[in-house]
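Some notes on the structure that comes next.
2 protein chains.
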Amino acid sequence: MEHNGQQVGRPRDSRVDEAITAAVRKLLGEVGYAGLTVAAVAECAGIGKASIYRRYATKHEMIFAAVVHGEVLEVPPDTGSLLGDLTALARVIVGHLSNPAAAGALMSLLGEIAADPTLAERFTTTFVEPERAGNAELLERAVRRGELERLPDIDLFHAMFGGTVLSWLFISHHDPHDLPERLARFACAALRSAAHQPFPSD
Amino acid sequence: MEHNGQQVGRPRDSRVDEAITAAVRKLLGEVGYAGLTVAAVAECAGIGKASIYRRYATKHEMIFAAVVHGEVLEVPPDTGSLLGDLTALARVIVGHLSNPAAAGALMSLLGEIAADPTLAERFTTTFVEPERAGNAELLERAVRRGELERLPDIDLFHAMFGGTVLSWLFISHHDPHDLPERLARFACAALRSAAHQPFPSD
DNA sequence: CATCATACGAGACTACAGTTTCGAAACTAC
DNA sequence: GTAGTTTCGAAACTGTAGTCTCGTATGATG
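These protein sequences, in sequence, are chains A and B.
The first sequence begins at 1 in the UniProt record's numbering and counts up one residue at a time.
The second sequence begins at 1 in the UniProt record's numbering and counts up one residue at a time.
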């Protein structure tokens with residue numbers, strides 16, 4: 001009998017986990033999201049498919065885990081000004097989304113999410129919430145500095161900033177390099193203006 | 001020999017086209033994008049699958065065509081003010097994207113587009129360009145009215161406006177109803193502010 | 001050391017959905 | 001009418017996600 005929650009039986013080989021993650025990333029880069037097959041991942045990792053399905057319920061969860069692994073968007077350090085912070089933030093987001101493999105995976109993931117509430121939940125806690133919190137911190141800094149009179153609508157700002165990058169890259173297909181400064185300038189002007197007249201009808 | 005571009009052979013049955021479109025829309029509403037199968041579409045439409053593939057190269061193109069069919073985003077009429085125009089525009093976009101079937105289709109389509117340049121091209125000419133042109137017209141109106149001193153960065157505005165809606169609905173999963181007025185106020189403030197100091201370093 | 005529970009790689013197997021092929025039918029040109 | 005071309009629905013083909021079984025390996029328990 002096992003004691004406590006102590007593991008009984010053969011323990012999992014952590015090298016298998018690493019091999020799966022590495023194989024998914026390698027193959028995403030080579031054949032893209034659409035061309036990725038579970039069998040190919042198993043072969044590339046030198047393992048059996050069963051070892052994959054023992055860890056992940058579906059192919060999508062496997063990819064999600066591999067892409068996400070440690071990919072938290074850290075808040076860029078304080079640059080001393082709102083404009084500087086916004087530019088740095090835009091660069092970080094653009095940097096992450098400019099990787100073609102990650103980009104394809106993300107978009108396909110969004111497609112899946114539209115039809116899978118479980119995946120949507122996980123995506124939210126893993127990506128959306130931390131990023132929103134990071135945005136909030138950045139804006140609070142600006143308030144502390146006195147650059148903004150009051151905290152703006154964080155939900156709206158968050159959707160605006162990330163959404164603009166998404167649309168710029170994947171819908172308009174514009175040059176990633178052009179975006180950060182333009183977006184930061186625009187957002188900075190908007191925030192300053194909105195802070196003065198948050199509710200025009202008041 | 002055929003004369004001119006005159007059609008030779010058995011002509012297509014236009015009722016088949018209509019039946020496909022109707023079946024796709026009906027099934028999208030019933031089973032969602034993920035649950036949609038070509039076989040089900042064929043059966044629901046009372047036709048063979050070959051008749052579908054003679055018209056569309058892939059399942060995604062079929063859905064794209066069915067969802068898009070006549071779904072051009074018209075520019076909302078002049079409301080007399082920039083804020084009013086922006087609110088109306090946001091409502092139109094939110095309205096289109098709030099339909100769950102269309103939403104799922106769009107997101108999955110974006111996933112496909114990330115890996116299919118041909119589809120990307122078609123998506124751009126069908127959706128992106130007209131919408132950008134609509135945005136431009138709306139902004140020109142504001143300049144003519146004197147609400148804006150000069151025309152803002154249209155590419156950026158376009159990515160910002162549509163991207164915010166996209167992110168608000170499909171990434172943050174916020175309430176569609178809350179968005180239009182908030183976004184319009186924010187964008188209006190941003191545009192007025194940016195028009196005064198388009199290049200802060202000048 | 002013996003037992004038990006689990007993980008492992010390999011590969012067969014099932015189910016299902018996208019895509020293609022096929023014979024019959026419909027229509028035009030001559 | 002006949003030939004040629006294209007569409008039609010039905011059925012076959014192809015490939016992949018996901019499951020299952022097998023024999024083996026690994027570690028904990030006693």
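All C-beta atoms, glycine included, are put in the ideal place defined by N, C-alpha and C.
Status (buried if at least 16 other CB within 10 Å, exposed otherwise) for Ser-14(A): Residue 14(A) sits at position 14 when you count from the first residue of the first sequence. Exposed is the call here.
From Glu-121(B), His-173(B), Ala-19(B) and Leu-156(B), residue whose alpha carbon lies closest to that of Cys-44(B): Residue mapping note: residue 44(B) aligns to position 44 of the second sequence, counting from 1. Nearest C-alpha to Cys-44(B): Ala-19(B).
Selection from Ala-114(A), Glu-112(A), Ala-90(A) and His-177(A) that minimises the alpha carbon distance to Gly-163(A): Here residue 163(A) corresponds to residue number 163 of the first sequence, with the count starting at 1. It is Ala-90(A).
Straight-line gap, Cys-188(B) to Phe-157(B) (C-alpha atoms, nearest Å): What you label residue 188(B) is simply residue 188 of the second sequence in a count that begins at 1. What you label residue 157(B) is simply residue 157 of the second sequence in a count that begins at 1. Taking the straight line from one Cα to the other gives about 11 Å.
Assigned secondary structure, Leu-36(A) (DSSP; H/G/I helix, E/B strand, else coil): As a first step, residue 36(A) is located in the first sequence; it is residue number 36 there, counting from the start. Coil, per DSSP.
Nearest-angstrom beta carbon gap, Leu-27(A) and Ala-40(A) [assumed within contact, 8 Å]: Within the first sequence, the letter at position 40 stands for residue 40(A). Within the first sequence, the letter at position 27 stands for residue 27(A). That belief holds up - the Cβ atoms of Ala-40(A) and Leu-27(A) are roughly 6 Å apart, short of 8 Å.
Reference Ala-88(A), options Arg-192(A), Pro-11(A), Arg-182(A) and Pro-130(A), closest by Cα: As a first step, residue 88(A) is located in the first sequence; it is residue number 88 there, counting from the start. Residue Arg-182(A) is the option with its Cα nearest to Ala-88(A).
Length of the line joining the Cα atoms of Asp-85(A) and Pro-180(A): Working through the first sequence from its first residue, we reach residue 85(A) at position 85. Working through the first sequence from its first residue, we reach residue 180(A) at position 180. Spanning the two alpha carbons is a distance of roughly 11 Å.
Under 9 Å (Cβ pairs) to chain A, residues found in the region 90-111 of chain B: Pro-100, Ala-103, Gly-104, Ala-105, Leu-106, Met-107, Ser-108, Leu-109, Leu-110 and Gly-111
Under 9 Å between C-beta atoms of Leu-119(A) and His-60(A): In the first sequence, residue 119(A) corresponds to position 119, counting from 1. In the first sequence, residue 60(A) corresponds to position 60, counting from 1. Result yes, Cβ atoms of Leu-119(A) and His-60(A) sit closer than 9 Å.
Element boundaries [alpha helix (DSSP H), containing Ala-23(B)]: As a working mapping, residue 23(B) is identified with position 23 in the second sequence. Where Ala-23(B) is concerned, the enclosing alpha helix (DSSP H) stretches over 14-31.
Amino acids of chain B, ordered along the chain, whose beta-carbon sits closer than 7 Å to that of His-60(A): Translated into the one-based positions of the first sequence, residue 60(A) becomes position 60. Within 7 Å Cβ-Cβ: nothing; His-60(A) doesn't reach chain B, min ~11 Å.
Neighbourhood of Arg-141(A) by C-beta, 7 Å cutoff - its chain only, sequence neighbours within 5 removed: By 1-based counting over the first sequence, the position of residue 141(A) is 141. Correct list, in chain order: Asp-78 and Asp-85.
Residue-chain proximity (Ile-113(A), chain B), Cβ-Cβ < 9 Å: Mapped onto the first sequence, residue 113(A) falls at position 113. Taking Cβ atoms only, chain B reaches closer than 9 Å to Ile-113(A), which makes this a yes.
Own chain partners of residue 203(A) with C-beta closer than 7 Å, once the 5 adjacent residues on each side are dropped: Past the edges of chain A, shown from 1 to 202, lies residue 203(A), and the structure says nothing about it.
Buried versus exposed, by CB contacts within 10 Å (16 or more), Gly-111(B): The residue you call residue 111(B) lines up with position 111 of the second sequence. Under this definition Gly-111(B) is a buried residue.
Cα-Cα separation between Val-68(B) and Pro-117(B), rounded to whole angstroms: Your numbering for residue 68(B) matches position 68 in the second sequence. Your numbering for residue 117(B) matches position 117 in the second sequence. Approximately 18 Å, taken between the alpha carbons.
Among Glu-129(B), Ile-63(B) and Leu-83(B), nearest to Arg-192(B) - alpha-carbon criterion: Looking up residue 192(B) in the second sequence gives position 192. Per the Cα distances, Leu-83(B).
Below-9 Å beta-carbon distance, Thr-79(B) vs any chain A residue: Working through the second sequence from its first residue, we reach residue 79(B) at position 79. False, the Cβ-Cβ gap to chain A never drops below 9 Å.
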